[in-house]
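Chains as they are written, first to last, in my numbering: chain A, 285 to 515; chain B, 285 to 515. By construction, the Cβ of each residue, glycine as well, lies at the ideal position given by its N, Cα and C atoms. None of the values given here were measured: they were computed from a predicted structure. Below is one structure, written out as structure tokens; comments come after it.
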DNA sequence: GGTGATAATATGGTATCCCATAATACGCAG
DNA sequence: CTGCGTATTATGGGATACCATATTATCACC
């Protein structure tokens with residue numbers, strides 16, 4: 285080929301308006317600009333997003349099927365609330381799927397993937413050190429994306445990504461728990477070590493432990509929170 | 285209470301037109317009335333479904349997020365095709381999640397659930413005996429739904445349900461494989477037995493084996509099919 | 001028989017309609 | 001001032017008509 289390995293590809297980044305609106309809305313929900321139970325009035329969203337009602341409705345349907353929005357019959361869309369029980373289930377599913385991805389990475393034992401994971405873990409540690417919590421979240425997401433995509437688990441990654449959005453507020457709570465800045469990275473390091481050693485079972489286990497820990501912290505937070513509101 | 289156990293519930297079955305259209309479209313895709321890669325022209329679907337473009341678009345977006353429809357930029361929606369590799373991933377995910385559900389059922393060891401599962405397995409055997417393959421599929425779905433919902437794994441069930449739609453054609457192929465009428469039910473019986481015995485590990489394993497077997501059959505079918513077209 | 005202009009399709013998106021209903025405000029009688 | 005029925009409003013569910021743009025098919029011309 286004449287220029288490069290993937291040449292002549294006239295890329296078409298033109299995202300459609302609908303996709304942009306979707307991302308904006310998802311961000312807004314995930315980052316709690318709307319609160320659970322808030323009504324999402326279609327015509328208001330049209331104004332806020334600057335798009336037509338058609339688009340808004342399509343976006344709302346999409347978010348509904350992602351579980352971020354619930355639609356009440358004859359009342360319309362609201363921001364879905366994720367119950368503690370659902371959060372538990374989501375952590376369980378993540379544990380299983382991330383375990384599978386980690387195990388598959390260990391089976392491949394690709395040094396480039398290991399290097400990439402270590403680089404990202406470095407970013408996570410740095411973000412903790414600088415107390416930049418949002419950066420911790422995005423880097424952690426990158427860590428798992430690397431795990432999934434480099435083991436060819438695209439479908440599972442899609443699922444994990446989508447259910448994780450529903451517990452984003454819990455994630456941002458758990459990472460600011462005392463000691464999490466040490467324990468979290470340490471657990472991720474164990475995943476990397478197991479992959480480096482090609483030990484699938486250990487990688488599965490390490491990924492599982494990491495999620496289980498996060499789940500336990502989240503559960504404690506929720507219990508505490510409930511306790512506070514009950515009083 | 286005055287009338288029955290779940291009384292006074294003013295049920296509101298009024299499904300919205302959009303939901304009806306969604307189900308019709310999903311059925312049409314899952315049952316191969318449209319073929320993979322077929323274009324789904326919005327205005328044509330309006331005619332065929334007898335609804336407005338508003339509805340059709342919302343339905344298409346919804347199906348897109350379920351992975352049944354893909355949307356090409358400036359060309360519009362087509363029926364998504366599930367590659368063999370994606371099918372492999374889907375079977376893997378199902379194995380993990382159904383294993384979890386089976387294990388949880390074993391932990392509960394609820395005799396009513398066991399009875400329900402045995403009743404459904406009876407339906408599956410009967411459907412096989414009568415050579416009613418579609419009934420086999422729906423009963424099998426019921427079997428797993430029972431497993432998931434009685435162990436409180438609603439989120440996982442939603443995921444399994446949605447990804448399973450994408451491999452429906454494989455499911456309908458695998459169940460008409462020779463001997464599957466004996467082996468399938470036998471494997472499901474082992475799941476039930478493990479639950480009855482309260483043996484979580486065995487239940488996990490049995491559920492996993494069942495899915496793995498289906499995956500292996502599917503893979504063989506796909507290889508055969510590819511072989512035929514290549515020649 | 002290619003090449004380029006043209007016409008036909010179809011999407012992405014908008015702007016307005018209409019109707020049904022749930023929630024609220026309102027107003028009246030006791 | 002309390003309870004009840006009614007009017008109003010807000011909003012969702014749905015349908016149309018329309019525009020701009022991009023793709024595809026057609027076709028005439030050299």
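task = In the DSSP assignment, find the unbroken alpha helix (DSSP H) run with residue 418/A in it and report its ends.
result = Going by DSSP, residue 418/A is part of the alpha helix (DSSP H) stretching over 417–433.
task = Kindly list the residues whose CB is nearer than 8 Å to the CB of residue 402/A, restricted to its own chain and excluding five residues on each side of it in sequence; keep chain order.
result = The answer, listed in chain order, is 476.
inquiry  = DSSP three-state label for residue 443/B, please.
reply    = In the displayed model, residue 443/B falls within a helix according to three-state DSSP.
ask   = At what residues does the alpha helix (DSSP H) containing residue 324/B begin and finish?
value = Here residue 324/B belongs to no alpha helix (DSSP H), and DSSP marks it neither H nor E.
query = Given a limit of 7 Å on CB to CB distance, which residues of the segment 325–348 of chain A reach chain B?
reply = Across the segment 325–348 of chain A, CB contacts with chain B closer than 7 Å involve 338, 341, 342, 345 and 346, in sequence order along the chain.
task = Could you check which residue in 368/A, 492/A, 479/A and 348/A has the C-alpha nearest to that of residue 303/B?
result = Answer by Cα proximity: 348/A.
key: Contact with chain A by residue 352/B, beta-carbon distance below 8 Å   = Taking CB atoms only, residue 352/B has no neighbour in chain A less than 8 Å away.
ask   = Near residue 322/A, what residues of its chain come up, given a Cβ to Cβ distance below 8 Å and the 5 sequence neighbours on each side ignored?
value = Within the same chain, residue 322/A has close Cβ partners 362 and 363.
query = So, are the CB atoms of residue 430/A and residue 398/A less than 8 Å apart?
reply = In this structure, residue 430/A keeps its C-beta atom at 8 Å or more from the C-beta atom of residue 398/A.
query = Shortest alpha-carbon distance to residue 468/B belongs to which of 355/B, 437/B and 420/B?
reply = The candidate whose alpha carbon is nearest that of residue 468/B is 420/B.
task = Since I believe residue 472/B is in contact with residue 427/B (beta carbons under 8 Å), could you give me their beta-carbon distance rounded to a whole number of angstroms?
result = About 6 Å; that satisfies the 8 Å criterion.
message = Assuming residue 354/A is part of the beta strand (DSSP E), what are its boundary residues?
response = Segment 353–356, the beta strand (DSSP E) holding residue 354/A.
request  = Say whether the segment 488–506 of chain A touches the segment 344–359 of chain A, bearing in mind that this needs 3 or more beta-carbon pairs closer than 8 Å, one atom from each stretch.
outcome  = Fewer than three beta-carbon pairs drawn from the segment 488–506 of chain A and the segment 344–359 of chain A are found closer than 8 Å, and the two stretches are therefore not classed as touching.
query = How about residue 436/B: is its Cβ closer than 7 Å to a heavy atom in the ligand PLP?
reply = Summarising the ligand content, the structure contains no ligands, and the ligand PLP is consequently not present.
message = Please state the DSSP three-state secondary structure of residue 293/B.
response = Confidence at residue 293/B is low in this model, with a pLDDT of 46, below 50, so the placement of that residue should be treated as unreliable; the coordinate-derived value is given next. Looking at residue 293/B - three-state DSSP - the assignment turns out to be coil, as it is neither helix nor strand.
ask   = Are the beta-carbon atoms belonging to residue 434/B and residue 483/B less than 8 Å from one another?
value = No, the Cβ-Cβ distance between residue 434/B and residue 483/B is not below 8 Å.
ask   = From residue 343/A to residue 481/A, what distance separates their C-alpha atoms?
value = Each residue's CA atom was taken as its position, placing residue 343/A and residue 481/A some 44 Å apart.
request  = Identify whether residue 404/A lies in helix, strand or coil by the three-state DSSP scheme.
outcome  = Helix at residue 404/A.
query = Since residue 335/A is in the beta strand (DSSP E), which residue starts that stretch and which ends it?
reply = Careful: residue 335/A lies outside any beta strand (DSSP E) and carries neither H nor E.
ask   = DSSP on residue 469/A, reduced to helix/strand/coil?
value = Residue 469/A: helix per DSSP, three-state reduction.
ask   = Would you call the segment 326–336 of chain B and the segment 299–315 of chain B touching, i.e. three or more CB-CB distances under 8 Å?
value = Counting Cβ pairs under 8 Å, three or more are found: they touch.
ask   = Taking Cβ-Cβ distances shorter than 8 Å, what residues in chain B pair up with residue 381/A?
value = Correct list: 377 and 380.
Collapsed DSSP secondary structure at residue 436/B in the structure displayed = Assigned with DSSP and collapsed to three states, residue 436/B falls in coil, not helix or strand.
task = Go to residue 482/B, then tell me how far its beta strand (DSSP E) extends in each direction, as first and last residue.
result = Taken as a continuous stretch (DSSP letters only), residue 482/B belongs to no beta strand (DSSP E), as it is neither H nor E.
key: residue 368/B, DSSP secondary structure in three states   = Note: residue 368/B maps to helix in three-state DSSP.
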